[in-house]
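Each residue of the sequence shown is one higher than the one before, counting from 576 in our numbering.
Beta carbons: idealized from backbone N, C-alpha and C, even for Gly.
Since the structure is predicted, the reported quantities are computational estimates derived from the model, not experimental observations.
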Amino acid sequence: MNGLNLSRRSFVLLSAVAAGSVAITGLSGCAARSDVLRVGTKIDVPGFGYQNPETGVIEGFEVDIAHELARRLLGDANALEITGVNVTTRGAMLDNNTLDATLATFTITEARKKSYNFSRPYFTDAIGILVKKDAGIDTFADLDGKTIGVAISATTRDKLSSSAADAGISLHFSEYATYPEIKIALVTGRVDAFSVDRSILRGYLDDKTKLMDVQVAPQEYGVATKKSNTDLADRIDQAVGDMQDDGTLPALQSKWGLGDA
Numbered sequence: 576m577n578g579l580n581l582s583r584r585s586f587v588l589l590s591a592v593a594a595g596s597v598a599i600t601g602l603s604g605c606a607a608r609s610d611v612l613r614v615g616t617k618i619d620v621p622g623f624g625y626q627n628p629e630t631g632v633i634e635g636f637e638v639d640i641a642h643e644l645a646r647r648l649l650g651d652a653n654a655l656e657i658t659g660v661n662v663t664t665r666g667a668m669l670d671n672n673t674l675d676a677t678l679a680t681f682t683i684t685e686a687r688k689k690s691y692n693f694s695r696p697y698f699t700d701a702i703g704i705l706v707k708k709d710a711g712i713d714t715f716a717d718l719d720g721k722t723i724g725v726a727i728s729a730t731t732r733d734k735l736s737s738s739a740a741d742a743g744i745s746l747h748f749s750e751y752a753t754y755p756e757i758k759i760a761l762v763t764g765r766v767d768a769f770s771v772d773r774s775i776l777r778g779y780l781d782d783k784t785k786l787m788d789v790q791v792a793p794q795e796y797g798v799a800t801k802k803s804n805t806d807l808a809d810r811i812d813q814a815v816g817d818m819q820d821d822g823t824l825p826a827l828q829s830k831w832g833l834g835d836a
């Protein structure tokens, strides 16, 4: 995939993801294996975890990190099972032992640390806002009274609400399970803006939309593991630190056209 902008064909695929026609592994749970690392990644976030419409392969920055973790922990970069997850399944599939870890644009927060172990950050971003070019929305104040499409259980809603209160404006929110659903809602006029982390939004830009010059709250992504699995959490955390120190993480960011915000 060259660059992060979506082609028409790619958007059709993402629409299929939103409709549920691209399978995401269920929540049945299964026993952990010692010979493979079971990792959940997004399949609808270009540049991070995205199912390539040409090959059907899930690829991206977080997928490459998962392969590198498998290499460092198990001695084989291909000792890996990748499962597609979204904002509602990435935690649940850790809880029921379907996954060993998730690399799924999962922001580290104090509240989430009570439920999961997180590695040190491997990427830092900030919340952004995508709008239609012809909507007449240019500043944060222009969003007063508008409806913002956000992901279910994401940190976006709370962070934007706080910023809106500080700015003296009122925002309304509509929550969706997947990012393609929010983009479709923006295109069809059901919401006035699409908000999530800026690097994610860059994958949904097209010739009729723009990324506002607004950044809200730093968002640090970490590798999440089950709270009880402290040994794996410690090994992953060390590996992420080593990847930062030896230049692996910066190299992968460059490969996927990502800039640490």
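The alpha helix (DSSP H) that contains residue i, what's its start and end?
{"i": "Arg-647", "result": "636-649"}
{"i": "Glu-656", "result": "Unbroken run through Glu-656 is the beta strand (DSSP E), 655-659; no alpha helix (DSSP H)."}
{"i": "Ser-737", "result": "731-742"}
{"i": "Gln-819", "result": "805-820"}
{"i": "Arg-687", "result": "685-688"}
{"i": "Lys-785", "result": "Taken as a continuous stretch (DSSP letters only), Lys-785 belongs to no alpha helix (DSSP H), being part of the beta strand (DSSP E) at 784-786."}
{"i": "Gln-828", "result": "823-830"}
{"i": "Asp-670", "result": "667-670"}
Expressed to the nearest angstrom, what Euclidean distance is found between the alpha-carbon atoms of residue i and residue j?
{"i": "Ile-683", "j": "Val-815", "result": "15 Å"}
{"i": "Gly-832", "j": "Pro-621", "result": "10 Å"}
{"i": "Asn-672", "j": "Asp-781", "result": "38 Å"}
{"i": "Lys-783", "j": "Pro-825", "result": "31 Å"}
{"i": "Glu-795", "j": "Leu-827", "result": "17 Å"}
{"i": "Lys-721", "j": "Leu-807", "result": "44 Å"}
{"i": "Tyr-751", "j": "Val-766", "result": "11 Å"}
{"i": "Asp-639", "j": "Ala-686", "result": "28 Å"}
{"i": "Ile-744", "j": "Leu-655", "result": "47 Å"}
{"i": "Lys-830", "j": "Gly-635", "result": "9 Å"}
{"i": "Gly-764", "j": "Ser-736", "result": "21 Å"}
{"i": "Gln-819", "j": "Asp-741", "result": "36 Å"}
{"i": "Glu-756", "j": "Ile-633", "result": "19 Å"}
{"i": "Thr-768", "j": "Leu-761", "result": "First, the residue type needs correcting, since residue 768 is Ala and not Thr in the sequence shown. Rounded to the nearest angstrom, the two C-alpha atoms are 6 Å apart."}
{"i": "Ser-603", "j": "Asn-661", "result": "At Ser-603, the pLDDT of 48 sits below 50, so the modelled position is not reliable; the number obtained from the coordinates is stated separately. One C-alpha to the other measures close to 16 Å."}
{"i": "Thr-680", "j": "Asp-610", "result": "25 Å"}
{"i": "Ser-749", "j": "Ala-729", "result": "12 Å"}
{"i": "Asp-821", "j": "Gln-790", "result": "30 Å"}
{"i": "Ser-738", "j": "Tyr-754", "result": "22 Å"}
{"i": "Tyr-691", "j": "Thr-823", "result": "25 Å"}
{"i": "Lys-802", "j": "Tyr-697", "result": "19 Å"}
{"i": "Gly-834", "j": "Lys-689", "result": "29 Å"}
{"i": "Ser-774", "j": "Tyr-625", "result": "13 Å"}
Kindly list the residues whose CB is nearer than 7 Å to the CB of residue i, restricted to its own chain and excluding five residues on each side of it in sequence; keep chain order.
{"i": "Thr-731", "result": "Ile-702, Val-725, Ser-770, Val-771"}
{"i": "Asp-812", "result": "Ser-694, Arg-695"}
{"i": "Gly-601", "result": "For Gly-601, the pLDDT reaches just 44, beneath the cut-off of 50, and the residue's location in the model is therefore unreliable, although a value from the coordinates is still provided. Excluding positions up to five away in sequence, the list is empty."}
{"i": "Ala-792", "result": "Ala-701, Ile-702, Lys-734"}
{"i": "Asp-651", "result": "Ala-645"}
Tell me residue i's beta-bridge partners as DSSP assigns them.
{"i": "Glu-795", "result": "Thr-699"}
{"i": "Phe-769", "result": "Leu-705, Gly-724"}
{"i": "Glu-750", "result": "Val-725"}
{"i": "Ile-633", "result": "Gln-626"}
{"i": "Arg-613", "result": "Glu-656"}
{"i": "Lys-801", "result": "Tyr-691"}
{"i": "Val-620", "result": "Gly-624"}
{"i": "Ala-676", "result": "Val-614, Thr-800"}
{"i": "Thr-682", "result": "Tyr-796"}
Mind checking which residues open and close the beta strand (DSSP E) that includes residue i?
{"i": "Tyr-691", "result": "691-693"}
Excluding the 5 residues preceding and the 5 following residue i in the sequence, name in chain order all residues of the same chain whose CB lies nearer than 8 Å to its CB.
{"i": "Asp-717", "result": "Gly-711"}
I'd like the list of long-range same chain contacts for residue i, defined as Cβ closer than 6 Å, with 5 residues on each side in sequence excluded.
{"i": "Ala-676", "result": "Val-614, Val-798, Thr-800"}
{"i": "Gly-631", "result": "none"}
Beta carbon of residue i, beta carbon of residue j: below 9 Å?
{"i": "Ile-723", "j": "Leu-776", "result": "no"}
{"i": "Leu-746", "j": "Asp-709", "result": "no"}
{"i": "Glu-637", "j": "Thr-616", "result": "yes"}
{"i": "Val-706", "j": "Lys-758", "result": "no"}
{"i": "Thr-714", "j": "Met-787", "result": "yes"}
{"i": "His-642", "j": "Asn-653", "result": "yes"}
{"i": "Leu-648", "j": "Thr-658", "result": "no"}
{"i": "Leu-678", "j": "Ala-645", "result": "no"}
Relative to the ligand MG, is the shortest distance from any of its heavy atoms to the C-beta of residue i smaller than 8 Å?
{"i": "Tyr-779", "result": "Among the components modelled here there is no ligand, and therefore nothing to report on the ligand MG."}
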